[in-house]
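To convert, take the position in the sequence shown, counting from 1, and add 6; that gives our numbering.
We put the CB at the ideal spot given by N, CA and C, even for glycine.
Structure record follows, encoded as structure tokens.
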Amino acid sequence: MFATGRCLCGAISFSVAEPPIRTAQCHCEDCRRLTGTGHIVQAFFKTEGVTVSGQPAVFENIADSGSKRRRSFCPSCGSTLFSERNTAPGVIGIAIGAFDNSDWFSPGMVFYTNQRPQWDPEVPGVQAHEKM
Numbered sequence: 007m008f009a010t011g012r013c014l015c016g017a018i019s020f021s022v023a024e025p026p027i028r029t030a031q032c033h034c035e036d037c038r039r040l041t042g043t044g045h046i047v048q049a050f051f052k053t054e055g056v057t058v059s060g061q062p063a064v065f066e067n068i069a070d071s072g073s074k075r076r077r078s079f080c081p082s083c084g085s086t087l088f089s090e091r092n093t094a095p096g097v098i099g100i101a102i103g104a105f106d107n108s109d110w111f112s113p114g115m116v117f118y119t120n121q122r123p124q125w126d127p128e129v130p131g132v133q134a135h136e137k138m
């Protein structure tokens, strides 16, 4: 077992069998609105290695790339949990704040730096992209 986590109220929990295949931070408008802050921070895993207990609610939207994004959250407490894109089958993003221990995390990439609020600091030494 690599890591475990849950939503704020504990109605939804998850476990991850292996380390992430990539990690990222995103400053796009959708991610900022989703989190209520300057960016979202996620790790991406092979879906087959993630086990979820509980039934998250799902919100779907279309990204500026045209891909369909499914964002899952706890219907009881509202915690942001998972994201999936139709253009990346077999991969699930998990919000870092939902992990029981996230000391292993460091962002591998930063996206939408052109939308990063001035008050949200840059991550030095990390590959940065103005868009996706």
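Pairwise C-alpha distance: residue j and residue i
i	j	result
V129	F111	13 Å
P25	F51	7 Å
V132	F117	10 Å
P127	G44	9 Å
N92	W125	32 Å
I46	Q31	6 Å
Per-residue DSSP class, three states only, for residue i
i	result
A30	strand
G99	strand
E35	helix
T53	helix
N120	helix
T43	coil
Q48	strand
M115	strand
Residues near residue i in its chain [Cβ-Cβ closer than 7 Å; skip 5 each side]
i	result
F105	A9, G11
A23	M7, F8, G55
S147	As shown, the chain starts at 7 and ends at 138. That puts residue 147 outside it, with no answer to give.
Sheet register partners of residue i (DSSP bridge)
i	result
G11	F20, F105
Residue i classed as buried or exposed, judged by whether at least 16 other C-beta atoms fall within 10 angstroms
i	result
S71	exposed
H33	buried
S78	buried
C13	buried
Beta-carbon proximity list for residue i, same chain, < 6 Å, skipping 5 on both sides
i	result
R76	V64, E66, E90
Heavy atom of the ligand SAM within 7 Å of residue i beta-carbon
i	result
T43	The model on display carries no ligand, and the ligand SAM is accordingly not part of it.
Cutoff 8 Å; reference residue i; Cβ partners in own chain excluding five residues on either side
i	result
G96	K52, T53, E54
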